[in-house]
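Participant: Using the working numbering, the letters of the sequence shown correspond one by one to residues 1 to 186.
Supplied in C-alpha cells, the structure appears directly below.
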Amino acid sequence: MNRSHGQEFPAPGARAADSDREAVAERLRMAAGDGRIDPAELDERLERAYASKTYAELEALVADLPASSGPGAQTLELKTHLSAIRQSGPWVVPPRIVAECKMLNILIDFTEATCVHREVTLEASCGMGTVQVVVPAGWAVRIDPASTNTAHIANRADGPVDPTEPVLTVLGHPRSGQIKIRRGRR
1 MNRSHGQEFP APGARAADSD REAVAERLRM AAGDGRIDPA ELDERLERAY ASKTYAELEA
61 LVADLPASSG PGAQTLELKT HLSAIRQSGP WVVPPRIVAE CKMLNILIDF TEATCVHREV
121 TLEASCGMGT VQVVVPAGWA VRIDPASTNT AHIANRADGP VDPTEPVLTV LGHPRSGQIK
181 IRRGRR
C-alpha cells in the first residue's frame with residue numbers, strides 16, 4: 001500500500017470505488033475549511049476526484065495536503081462556564097459541533113460562516129439555558145430522531161432548501177432549557 005501523508009492507497013493502478021472518491025472529496029473539503037486550498041481549487045479538485053478511475057489519480061489530489069488530524073480536530077466544542085458564548089461572524093464550520101450549556105446561552109450563527117461540508121452535525125444539550133442556532137437561506141435543518149424532550153426544540157428554519165447547500169442535523173437534549181433554530185434575516 002502507498003501512503004500519502006497518512007492516507008493509505010492500494011496499488012496506484014487499482015480501480016477506485018465510489019467510497020474512495022467520496023473519502024478524498026471529504027478530505028479536500030476539510031483542507032478548504034482549514035484554508036489550505038481556496039474555493040476555486042476545491043471545485044477543480046472535487047471535479048477531478050469524482051472523475052478519477054484509479055487510486056493514483058486520487059492520490060495525486062491529496063499528495064500536497066497533510067493528513068487529517070483525527071476526529072477531535074474536526075469538532076468544535078462550545079461549553080459555557082462563566083459567560084454566554086457567541087459563535088458568529090466569519091468562521092470555518094467543522095463537520096461536528098458540540099454545544100453544552102447549563103444556565104447560560106449559546107448562539108451559533110452560520111450566516112457569515114464558511115462551510116465546505118455537505119453535512120454538519122450539531123449535538124446540543126442544555127439545562128436551563130438556551131442554544132440558539134441561526135442558519136442562512138437554503139440550508140436544510142433536520143432534527144435527529146434520537147433527540148429527547150423535543151417539545152423544547154423549536155425549528156423555525158423553514159423555507160426553500162437549496163440542494164447544493166449544507167444540511168444541519170441537530171441532535172438535541174434540552175432539559176428545562178430550549179433549542180431554537182431559525183433562518184437569518186436578509
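Cβ coordinates follow ideal geometry from the N, Cα and C atoms, glycine included.
So which of 155, 156, 132 and 127 has the shortest CA-CA distance to residue 175?
Facilitator: For the purposes of this step, residue 175 is identified with residue 175 of the sequence shown, where counting begins at 1. Here the closest residue by C-alpha is 127.
Participant: Could you tell me which whole alpha helix (DSSP H) segments of length 4 or greater appear in the region 105-156?
Facilitator: Listed in chain order, nothing qualifies, since the region 105-156 has no complete alpha helix (DSSP H) run of 4 or more residues.
Participant: Any idea which residues DSSP pairs residue 85 with across the strands?
Facilitator: The count along the sequence shown starts at 1 and reaches residue 85 at position 85. DSSP output for residue 85 lists 106 as bridge partner(s).
Participant: So does the region 85-103 actually touch the region 144-151, counting three or more Cβ pairs closer than 8 Å?
Facilitator: These segments do not touch.
Participant: Could you pull the DSSP bridge partners for residue 54 from this structure?
Facilitator: The residue you call residue 54 lines up with position 54 of the sequence shown. Paired residues: 15.
Participant: Is it the case that the region 131-138 contacts the region 102-120, given that we only count it when at least three CB pairs across the two stretches are under 8 Å?
Facilitator: With a cut-off of 8 Å, the region 131-138 and the region 102-120 count as touching, because enough Cβ pairs lie within range.
Participant: For residue 69, count the other beta carbons within 10 Å of its own beta carbon; 16 or more makes it buried, fewer makes it exposed. Which is it?
Facilitator: Counted from its first residue, the sequence shown places residue 69 at position 69. Low confidence applies here, because residue 69 scores a pLDDT of 43, under 50, leaving its location unreliable; read the following figure in that light. The residue is exposed, with fewer than 16 neighbouring Cβ atoms inside 10 Å.
Participant: Is the number of C-beta pairs between the region 48-62 and the region 78-89 that are closer than 8 Å three or more?
Facilitator: Touching, no, given that fewer than three Cβ pairs across the two stretches are closer than 8 Å.
Participant: Looking only at its own chain, which residues have a Cβ that is under 7 Å from the Cβ of residue 32, when we skip the five neighbours before and after it?
Facilitator: For the purposes of this step, residue 32 is identified with residue 32 of the sequence shown, where counting begins at 1. So the qualifying residues of the chain are 39, 42 and 116.
Participant: Between residue 121 and the rest of its own chain, which residues show a CB-CB distance below 6 Å, the 5 nearest in sequence each way excluded?
Facilitator: Counting from one through the sequence shown, the residue named residue 121 turns up at place 121. Cβ neighbours of residue 121 beyond the five flanking positions: 96 and 169.
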